[in-house]
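*Asks:* Please find one structure pasted underneath; my questions will follow.
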Amino acid sequence: MELNGYHSGDAATAASDDDEAAGPKQQPRPSREETASSGRAEGAVSEGSSAAERRSSSSSAARQRLDSLKRGRPPFPWFGMDIGGTLVKLVYFEPKDITAEEEQEEVENLRSIRRYLTSHTAYGAAGIRDVHLELCDLSMCGRTGSLHFIRFPTHDLPAFLQMGRDKHFSSLHTTLCATGGGAYKFEEDFRLMADLQLHKLDELECLIHGVLYIDSVVPSECYYYENPADPEHCEQRPFPLENPYPLLLVNIGSGVSILAVYSKDNYKRVTGTSLGGGTFLGLCCLLTGCNMFEEALEMASRGDGTRVDKLVRDIYGGDYERFGLPGWAVASSFGNMMCKEKRESISKEDLARATLVTITNNIGSITRMCAVNENIQRVVFVGNFLRVNTLSMKLLAYALDYWSKGQLKALFLRHEGYFGAVGALLELLNPS
Amino acid sequence: MAGHSSGTNRGSHSMDKSITLPPDEIFRNLENAKRFAIDIGGSLTKLAYYSTVQHKVAKVRSFDHSVKEADGDPLYEISVQEEITARLHFIKFENAYIETCLDFIKDHLVNTETKVIKATGGGAYKFKDLIEKKLKLKVDKEDEMSCLIKGCNFVLRNIPHEAFVYAKHADSEFRFQTTHPDIFPYLLVNIGSGVSIVKVESEDQFERIGGSSIGGGTFWGLGALLTKTKRFDELLQLASKGQHTSVDMLVKDIYGGAYGSLGLTGDLIASSFGKSATADKEFSKEDMAKSLLHMISNDIGQLACLYARLHNLNRVYFGGFFIRGHPVTMHTITYSINFFTKGEVQALFLRHEGYLGAIGAFLKGAEEDNPNQYSWGENYAGSSGLMSVSPDLNPMQRARSGTFDMLEMDRLERQLVNLPLLQDPSSYIPDTMDLTEDALAREYWLYCFEEALDGVVKRAIASQPDMPEAAERAEKFRQKYRHKLQTLRNQPFAYGSLTVRSLLDTREHCLNEFNFPDPYSKIKQKENDVALRYYLKVVKSLEELSWEQRQFALVRGLLAGNVFDWGAKAISDVLESDPEFGFEEAKRQLQERPWLVDAYNQWIERLKGPPHTCALFFVDNSGIDIILGVFPFVRELLGRGTQVVLASNSGPALNDVTNGELQILTERIAAMDPVIHSAFKEDRLTLVQSGSSSPCLDLSRLDKVLATVVRERQTDLVIIEGMGRAIHTNYYAMLSCESLKLAVIKNSWLAERLGGKIFSVVFKYEVPPKH
């Protein structure tokens, strides 16, 4: 992917305190294109992993720590964590500009963590490194390296803590910046199980800072769908978020939060809804017996929601012109399921599709009302509900455009669910 | 557990069908039906028709006074005449009965000239052929939404306690709102299978500003899939027993507690069904149904709030089959609205929500009769009232009580409007005590009305000595009214807020229903006759007093006159046992000053100042009250140069003087008294009718003519007399001019409640605050 013409802009804020970060800024580059298969991506990472370093001593660890502090940056490792209701999102900065001296002094524990994270793409039963999102050659706080994006289910957190304990994470005396509800809920567990003190951060603040940062360092981070109603001509197009304010930021995780953002530090939570990604998956599990997000999405992609939902045309025979309702619009989600015969005639895939459409349209509808009430035209959707979920993204794009008569534009970000974790990492590097 | 409950339900459904139909008690007055409309929903049919009702009214006619001198001849003649008034009937029944009902209607449809039946609702199409075949009427379909809005406007305008706030855990679940003539703009959120959000700006102007596909159909459809429960009612029952916290992911499940910085408490739902995203756990039907109910109610509530905010509306009414009197959904919607608006907007529900479509369709077909030009009143005798459909109620019971439901509205002869002198019409509440909320008071008054029933029955029979079947009718009246009292004991909210006024009005409606239009006519006639003989004597003795003495005597006269009240039990006992109980005797019964409420000194000070321009006097009883109490007082006002407007009831209620009677009395007094004569002739003394036939007084529903007169004469003093008008109602009414409220408390319970004894005096003189 070519990155010509890119200006780092706000990225400077992340490293501006570092007087030694002079010289031309390096362009960060995503490790692979969107379409990269996980196999290729995996290869890319092992390429990037440096040779083994063996030596270590506790005195050099102390020196490194001092050195970092002197330069106004925290000691490695650099993590940002977002512990949500369903998923834990972890970002890890892997320095690639390690000097020979540093390498010699790098403590064993630190090295082992770095190697463990960067040489795998899957961790435990359900931990995944989203290789396609990795940002290479990224300059942060005067250091150059790769930013890795890792996620695992929140219910696997105990295993993660066990690993932290096994790898003596606490001996590194690092600050672990964490946000999301789990930072509060599991604070005690971190302390007792892994001897780690969490630095808790507000999730909305982290989210906004993360979005602004990533958008500023990744040129094609933000995009929209052109012709969302037309499957033949529907295409992703980059959208430069140069002057992003005001902005409606819709974070779709297990639940949904809607924020109005007026500047980096001026924002408010407009509202939220409990009908979010958790609802989609929860209902799908009950209705179809599946238990994975990917599986539910896959079923949805093969199903036909119009057999489950009652459409306007099912009631009025066509458009309900008096009220400007098109025949294809859903009049009643799951409305056909009131009837026994129809309940018996639909497939699991149909149900998954209807669930997806119901949740997505509802988010679109609440978002649109908030945008109108707050007088904001630009809407950015983030959150892991949108991960590999083009169906929902196109639906949101279309619904927003159609019902607002072209007034509203739905924007999406490639790093979907990781902004909270990125925001937490930024807080580590630049405490406010 | 689940198996058990669904088993019970199945049993009850087969029971439903065995209920027999007593159609003549339901399709009342069908012989005189003129026009029809029908609204067929998913499970219920609502039929509307318009009929003319013949009923008896009492009339008084003056004798020729020139020949009348002989003692013993009555003052005026009482006659009972037939009058034809218009009535709207609305009947609701399950679709299963539709064929039986159509057959019955066909057999009884004699007088109608109509050729079409207006129809609305999703089922109108399905049953079109059946209706056309059975009734030989052409089915004319009307748009559902416009019918709904038309119906909504109609009930809001004509039924004072139509709208209510639902509070599950309060002493009274239903808190009725006083609706005001100015009903626009409002938001109607109709939750059918989907949701429509409609902004209504005027009678003919409304707009569907939004909606949602997540509605009643989602609850039903998704609920049926999740719980394998087929019926909507059963799903609601399941939901009412479930625990949503086992299925929903709460804020505390994510945070371990509250999300303090955002003010989100730990118990809030962060993700509906968020805990069910697992393959290795079973969830109970009840819990899933509850979670689903919360999810849908919250979502609708949130959207409603967003639309209300965008359009700056704070009156939001909810309707549709999802709501329709179900306490479970009313509660969750109320909760959601409270949460999303932080209490700024209240969720409002409607007593006759299920009838809106039928009413609207009917009105569309009846436009040539101009139903919207009249005022209409709910007939308590012919309406079933609001039923509690508690989900805990045995489903069989519920099915039975909900099988047939009726609403009757009478066309009022006069158009009713606000008294122009109300300080704030939008906050005016006529009734002093809300018996729906005050259980002790409710208990007392229900007992009181039941105790008085024998006397009322006796009086009703005595009022029609020439009619041998009067006793039989009176007995039917007794049964009906007793049944109403019984209903109100169990469901005090059946007809809106329960008040002494509504108890009195219900009794009048029941008496009328059995053709006892004026049980007190003979007593009033006799009392008026006796009192007139004393009039000149009383006036003469007053004229002999000094100014100060006279003012006090006049007020005492008014109060003593007010002791004569057949409506109060204590008095009717005395009067019946001792007919010679006289004016002087009454004065002796009065409490000495200082009275229970005593503003007499302020009143006298005011009288020393300039005269009032015009006084509006709401009079009370016949006989001594009006003749020896009110007229001398009016005479004094006239003497000061104040014009006087006497407002009396349009129709009979207890022993209250009616406009017809007052006309004759005034003429008779004018014939004796030159002061009254000249004032009456020169129109300084004017008689108007109140538009009401109640012993109480609703200042927001008064005759339009009265309002005009009040405005034209620049009325600056309002006098309200008697327990019914000044204590049970209007005690706290705020007027924009000076007012006198006076009454004798002739009920020891009420007197004690107000901190006094029986025959305590209330003399309230109020001056509005200067701006």
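First to last, the sequence lines map onto chains A and B. My numbering puts the first residue of the first sequence at -15, with every later residue one more than the last. My numbering puts the first residue of the second sequence at -1, with every later residue one more than the last. Ideal Cβ placement from N, Cα and C applies to all residues, glycine included. None of these values were measured; they are calculated from a predicted model.
1) Within 8 Å (strictly less), CB to CB, does A:LYS294 reach chain B?
2) Can you tell me whether B:ARG638 is buried or exposed, with buried defined as 16 or more other CB within 10 angstroms of its CB?
3) What does a CB cutoff of less than 6 Å around B:LYS148 pick up in its chain, not counting 5 residues either side in sequence?
4) DSSP beta-bridge partners for B:HIS771?
5) Taking C-beta to C-beta, are A:ILE360 and A:LEU270 nearer than 8 Å?
6) In angstroms, rounded to a whole number, what distance separates the CA positions of B:SER500 and B:HIS726?
7) Helix, strand or coil for A:PRO79 per DSSP?
8) Helix, strand or coil: which one does DSSP assign to B:PRO577?
9) Is it right to say A:ARG286 is buried, meaning 16 or more other beta carbons lie within 10 angstroms of its own, or is it exposed?
10) Under 8 Å by Cβ, that's how I've got B:SER210 and B:LEU301 pegged, so tell me the actual separation to the nearest angstrom.
11) List, in order along the chain, the chain B residues whose C-beta lies closer than 8 Å to that of A:GLU206?
12) At 3 residues or longer, what runs of the beta strand (DSSP E) sit wholly inside the segment 67 to 125 of chain B?
13) Of the residues that make up the segment 347 to 358 of chain A, which ones have a beta carbon closer than 8 Å to any beta carbon in chain B?
14) So the beta strand (DSSP E) A:PRO137 belongs to, where does it begin and stop?
15) On the DSSP bridge assignment, give the partners of A:HIS183 in chain order.
16) Are the CB atoms of B:SER269 and A:GLY164 nearer to each other than 8 Å?
17) Measuring only the C-alpha atoms, how far is B:GLN203 from A:SER329?
18) Could you name the residues of chain C that B:PHE204 contacts, counting a contact when the two beta carbons are closer than 7 Å?
19) For B:THR327 versus B:ILE321, is the C-beta distance shorter than 8 Å?
20) Excluding five sequence neighbours on each side, which residues of the same chain lie with their C-beta closer than 8 Å to the C-beta of A:ILE134?
21) Check distances from the C-beta atoms of the segment 183 to 205 of chain A to those of chain B and list, in chain order, the residues that come in under 8 Å.
22) Rounded to a whole number of angstroms, what is the C-alpha to C-alpha distance between B:ILE298 and B:ALA469?
23) First and last residue of the alpha helix (DSSP H) that includes B:VAL708?
24) Anything in chain B within Cβ reach of A:LYS169, meaning under 9 Å, just list it in chain order.
25) Is the segment 319 to 339 of chain A touching the segment 356 to 371 of chain A, taking contact as three or more C-beta pairs under 8 Å?
26) Is DSSP giving B:GLU680 helix, strand or coil here?
27) If we cut at 8 Å on Cβ distances, does A:PHE144 have a partner in chain B?
28) Taking the runs of the alpha helix (DSSP H) that are 4 residues or longer, which of them lie wholly in the segment 685 to 769 of chain B?
29) Just to confirm, are B:ASP138 and B:ILE115 a CB contact at a threshold of 8 Å?
30) Among B:GLN241, B:TYR48, B:ARG206, B:HIS675, which one has its Cα closest to the Cα of B:LEU290?
31) Buried or exposed for B:GLN687, please, with buried defined as at least 16 other CB atoms from any protein chain shown within 10 angstroms of its CB.
32) Whole angstroms is fine: what's the gap from B:VAL528's alpha carbon to B:THR118's?
33) Taking a contact to mean a Cβ-Cβ separation below 8 Å, would you say B:PRO609 touches B:GLY555 in this structure?
34) Within a Cβ cutoff of 7 Å, which residues of the same chain sit near A:VAL356, ignoring the five residues on either side of it in sequence?
35) Does the structure place the segment 177 to 185 of chain A close enough to the segment 148 to 168 of chain A that three or more beta carbon pairs sit under 8 Å?
36) Judging by CA-CA distance, which residue of A:TYR208, A:GLU226, A:PRO224 is the nearest neighbour of A:CYS218?
*Replies:* Based on what the coordinates show:
1) Yes, its Cβ sits closer than 8 Å to a Cβ of chain B.
2) With fewer than 16 other Cβ atoms within 10 Å, it is exposed.
3) GLY358, LEU361
4) The requested residue 771 of chain B is not part of the displayed model; chain B covers only -1 to 769.
5) no
6) 11 Å
7) strand
8) Unreliable placement is indicated for B:PRO577, whose pLDDT of 43 sits below 50; the coordinate value is still reported in the next sentence. Under the three-state reduction of DSSP, B:PRO577 is assigned to coil, being neither helix nor strand.
9) Exposed, because fewer than 16 other Cβ atoms sit within 10 Å of the Cβ of A:ARG286.
10) 5 Å
11) Reading the sequence as shown, one finds Cys at residue 206 of chain A and not Glu. The premise fails here: A:CYS206 is roughly 26 Å from chain B at the closest Cβ pair, so nothing lies under 8 Å.
12) 74 to 92, 114 to 118
13) SER349, ILE350, MET353, CYS354, VAL356, ASN357
14) 127 to 137
15) Under the DSSP definition of a beta bridge, A:HIS183 partners with A:CYS161.
16) Contact: no.
17) 42 Å
18) The structure shown contains no chain C; its protein chains are A and B.
19) Yes.
20) LYS73, LEU74, VAL75, TYR76, LEU101, TYR107, GLY111, ILE112, ARG113, ASP114
21) ASP186, LEU188
22) 55 Å
23) 702 to 710
24) LYS250, ASP251, ILE252, TYR253, GLY254, GLY255
25) no
26) coil
27) no
28) 702 to 710, 746 to 751
29) yes
30) B:GLN241
31) buried
32) 59 Å
33) no
34) none
35) yes
36) A:TYR208
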